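K.L.:
I have a structure I would like to understand better, so I am pasting it below and will then ask my questions one at a time.
Numbering (full-length UniProt numbering), first residue to last: 1 to 238.
Right under this line is the structure:
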């Protein structure tokens with residue numbers, strides 16, 4: 001039997017939005033003591049031949065094949081490129097550090113190797129460059145948004161309210177955020193009055209530049225909520 005040296009699968013699994021508790025297990029002191037004390041211990045090979053190895057089951061291979069077919073499909077590729085474009089447009093930065101996108105790529109449905117696969121299909125939209133990280137001062141890779149896509153600068157909330165009439169040139173400023181409170185939860189009268197007044201404030205698209213607003217104003221707060229709402233809409237898990 002010929003020995004295979006090819007590494008078939010290698011995954012970089014990163015999950016950023018997770019709520020889990022991990023029980024820490026103390027090290028086995030007995031095993032550590034035995035390894036340090038018994039210097040004559042050697043690796044035991046039950047029979048001559050290739051060493052034991054671990055491989056994926058047929059079900060896991062089938063699941064991986066299905067996942068790759070989804071990632072490589074034209075429809076999914078277009079959707080992923082649109083989500084990535086809207087993220088860069090939402091950030092309002094011409095160049096966005098790739099290490100930030102890495103933290104969101106799993107929840108945005110991007111392939112783990114999107115830099116070498118997805119971006120290659122859209123050279124007119126994206127470009128990889130080097131920028132100085134404002135936090136560390138070191139040079140880091142960044143994704144440059146080459147072309148602003150006006151047709152994508154419409155938030156999901158605008159699409160829901162305007163239906164088929166939505167468009168970058170058809171803005172609505174009377175949009176309110178949907179609120180679904182538990183039946184047992186009741187707002188105080190003064191809070192309810194404030195929320196109702198806050199909802200009537202003009203809706204500013206998260207893709208518009210509203211940094212001229214007073215950061216302590218209710219209008220700036222509503223714009224911040226619009227940005228957060230749009231960011232969550234880009235996550236396939238949401």
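Here a beta-carbon is modelled for each residue, glycine too, at the ideal position from N, C-alpha and C.
Small disclaimer: the values here were computed from a predicted structure and weren't measured.
Of the residues 30, 142, 233, 183, which one's Cα is nearest the Cα of residue 101?
P.N.:
With distances taken between Cα atoms, residue 101 lies closest to 142.
K.L.:
Find the nearest neighbour of residue 93 within the set 79, 109, 147, 60, judged by alpha-carbon distance.
P.N.:
The residue with the shortest Cα to Cα distance from residue 93 is 147.
K.L.:
Please look up how many angstroms separate the CB atoms of residue 107 and residue 237, rounded, as I've assumed it's under 8 Å.
P.N.:
5 Å between Cβ atoms; contact.
K.L.:
State the beta-bridge partners of residue 142 as determined by DSSP.
P.N.:
Answer is 97, 129, bridged to residue 142.
K.L.:
Compare the beta carbon distance of residue 172 and residue 162 with 7 Å and say whether it is the shorter of the two.
P.N.:
Yes, Cβ-Cβ distance for residue 172 and residue 162 is below 7 Å.
K.L.:
Could you tell me how far apart the beta carbons of residue 126 and residue 119 are, in whole angstroms, since I believe they sit closer than 8 Å?
P.N.:
Sure, about 5 Å apart at Cβ, within 8 Å.
K.L.:
In three-state terms, what does DSSP make of residue 209?
P.N.:
Reduced to three states, the DSSP call for residue 209 is coil.
K.L.:
Does the structure place the segment 183-200 close enough to the segment 151-158 that three or more beta carbon pairs sit under 8 Å?
P.N.:
Not touching, per the Cβ criterion.
K.L.:
What's the call for residue 86, buried or exposed, on a 16-neighbour Cβ count within 10 Å?
P.N.:
Buried, since its Cβ has 16 or more Cβ neighbours within 10 Å.
K.L.:
Could you give the DSSP three-state label for residue 239: helix, strand or coil?
P.N.:
For the chain, the structure presents residues 1 to 238; residue 239 sits outside this window and is missing.
K.L.:
In three-state terms, what does DSSP make of residue 80?
P.N.:
Note: residue 80 maps to helix in three-state DSSP.
K.L.:
Buried or exposed for residue 203, going by 16 or more other Cβ atoms inside 10 Å?
P.N.:
The residue in question, residue 203, is buried, as its Cβ has 16 or more Cβ neighbours within 10 Å.
K.L.:
Tell me the rounded alpha-carbon separation between residue 65 and residue 116.
P.N.:
Going by the C-alpha atoms only, they are around 19 Å apart.
K.L.:
Enumerate in chain order the residues of its own chain whose CB-to-CB distance from residue 129 is below 7 Å, with the five nearest sequence positions on each side excluded.
P.N.:
The residues are 95, 142, 144.
K.L.:
Hey, would you say the C-beta of residue 176 is under 6 Å away from at least one heavy atom of the ligand ADP?
P.N.:
This structure simply doesn't include the ligand ADP, nor any ligand for that matter.
K.L.:
Could you please give the first and the last residue of the uninterrupted alpha helix (DSSP H) stretch that includes residue 193?
P.N.:
Its alpha helix (DSSP H) spans residues 189-199.
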